Amino acid sequence: MHELSLCQNIIDQLTDLAKLHDAVAVARIEVRVGALSGVEAQLLRNAFTLIQAGTIAETAELITEETAPRVTCRTCGAESETLPNNLSCPVCGNLDTKLIDGYELILARVELVRNED
Amino acid sequence: MCNTCGCNITDGNRHLLSPPPNRAAQISTPEKILNGLLDHNDQQARINRTRLDAQGVLTINLMSSPGSGKTSLLESTIRTLQGKLRIGVIEGDLETENDADRIRALDVPVHQITTGTACHLDAHLIHSALDRLDLTKLDLLFIENVGNLVCPASFDLGHHRNVILLSVTEGDDKPAKYPVMFRAADLMLISKTDLLPYLTEFSPVRAEHCLRRLASTAPALHLSARSGEGLADWFGWLAAEIDHYRELLKERQTLTPRVESEGRRLHAPGPQIVFRPLAATT
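The listed protein sequences correspond, in order, to chains A and B.
98 is the number that the working numbering gives to position 98 of the first sequence; each next residue is one higher, with no gaps.
138 is the number that the working numbering gives to position 21 of the second sequence; each next residue is one higher, with no gaps.
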């Protein structure tokens, strides 16, 4: 979907974080992208290269970790990985499941560069 | 899908791309940093919902492919419910006032948002549109989103329910092809059922099965805005939702689309922060 505006939001957060921790640059960030988040990891990476220019994260490396959907079954209790378009329980086949992973879009890890002097 | 052509930038969120020069002077708080990546939109959506709740306006976000009959459904709905409910409409299209003109002809307050190249509505666009409607004179507001089964699903507008149309002229496996969209449905409407005799390849049973495989318990109703078949069930669903919403408002609660109340987990623990000395990177 809207990877460009999401990247602007990431940059805003990085700018705030760098200021909070007196960092001079952002070296590397990791973003978790759920398969059902509506965000395409490849497009996010492409957009980031456009948006990072001239910001505190100008030379930052963006790592995306794509997560598959995981469900817990309300009938048999099993926790399983599923496909985005089939969230039924792979163990017992029941359709009454709860999505516990795969919907998220999270800034998971940030590496900041600090002047140690 | 969107970022290559820039269609994700709307009049509503353009300001996010050009930060004010004094942004660095803004005060950071840990809470702010914990906020998620779609936070700008979600914050505005919460403001919109509060505003709608203050006037008790149940707001339905209608989403579907282009041409699946959203505007025709609205016309039939307005014709039947006019006089019983005070209805308003926000229309979203890339260009033209055509849909708004069709609704306006029924003497209902309507505001057309033309998004230019943007393929979805966002909470900022709805915020501006709400300024153009007298919410004190409405019971029910329909937002007809841009015809698109991808992007609109990702934006909370501050509405209360998502209704997704699937017309029988499309493939019955659409819920399997667009799981992010169909998982967001609080109600799926299989539309244009008057054409079913000519489109034997479309199986409503298969369409509903694809929806159920998304662990969705949303009802699936069949209707034809043209023949009127099935419209009574749709009106029944609307009436029940309005009653439910009004009960919640009495208890100072509100209604959010199922998928929103599930949460995007954007407010999960903040990022792990690691430091590198400057010397090591040069």
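Glycine included, each C-beta is placed from N, C-alpha and C at the ideal position.
What you are looking at is a predicted structure, and each value in this text was computed from that prediction instead of being measured.
| Check | Outcome |
| --- | --- |
| Residue(s) in a DSSP beta bridge with F259(B) | I177(B), V206(B) |
| C268(B) in three-state terms, based on DSSP | helix |
| Residue from E116(A), N115(A), I106(A), E81(A) whose Cα sits closest to the Cα of V33(A) | I106(A) |
| Member of D216(B), L257(B), L250(B), S193(B) whose CA lies at the smallest distance from the CA of G264(B) | D216(B) |
| Inter-residue Cα distance where the pair is C89(A) and P296(B) | 16 Å |
| Secondary structure of K98(A), DSSP reduced to three states | strand |
| Nearest to G233(B) (by Cα), restricted to the options H241(B), L211(B), S185(B), A337(B) | L211(B) |
| Partner residues on chain B for P90(A), Cβ-Cβ distance less than 9 Å | What P90(A) touches in chain B: nothing, since even the nearest Cβ is about 12 Å away. |
| When G54(A), N94(A), E65(A), Q52(A) are compared against V71(A), the one with the closest alpha-carbon | N94(A) |
| Cross-strand partners of Q389(B) (DSSP beta bridge) | R109(A) |
| Cut-off 7 Å between Cβ atoms - residues of its own chain near N139(B), not counting five sequence neighbours on either side | Its pLDDT being 41, under 50, N139(B) is placed unreliably by the model, and the measurement read from it follows with that caveat. Nothing listed; no residue qualifies. |
| Burial state of I11(A) (16 or more Cβ within 10 Å) | buried |
| One or two residues paired with S401(B) in a DSSP bridge | There is no way to answer for residue 401(B), as the model of chain B reaches only from 118 to 399. |
| Which listed residue (D248(B), I390(B), K309(B)) has its alpha carbon closest to that of S185(B) | K309(B) |
| Spatially closest choice to I230(B) from D224(B), S320(B), E208(B), T253(B), by CA coordinates | E208(B) |
| Segment contact, 8 Å Cβ cut-off, at least three pairs: the segment 272–290 of chain B with the segment 192–204 of chain B | no |
| Which residues DSSP lists as bridging Q13(A), in chain order | Looking at the DSSP assignment, Q13(A) forms no beta bridge with any residue, so it has no partner. |
| Beta-carbon proximity list for T15(A), same chain, < 6 Å, skipping 5 on both sides | I56 |
| Inter-stretch contact (C-beta, 8 Å, three-pair minimum) for the segment 13–32 of chain A and the segment 161–177 of chain B | no |
| Proximity test, Cβ basis, 8 Å: E66(A) and chain B | no |
| Buried/exposed call for L179(B), threshold 16 Cβ in 10 Å | buried |
| Same chain only: Cβ atoms within 7 Å of S37(A), ignoring 5 sequence neighbours per side | Y103, E104, L105 |
| Simplified DSSP state of L151(B), which is helix, strand or coil | Note that L151(B) has pLDDT 41, beneath the 50 cutoff, so the model's placement of it is unreliable and no number is given. |
| Partner residues on chain A for V297(B), Cβ-Cβ distance less than 7 Å | L36, G38 |
| E3(A) classed as buried or exposed, judged by whether at least 16 other C-beta atoms fall within 10 angstroms | buried |
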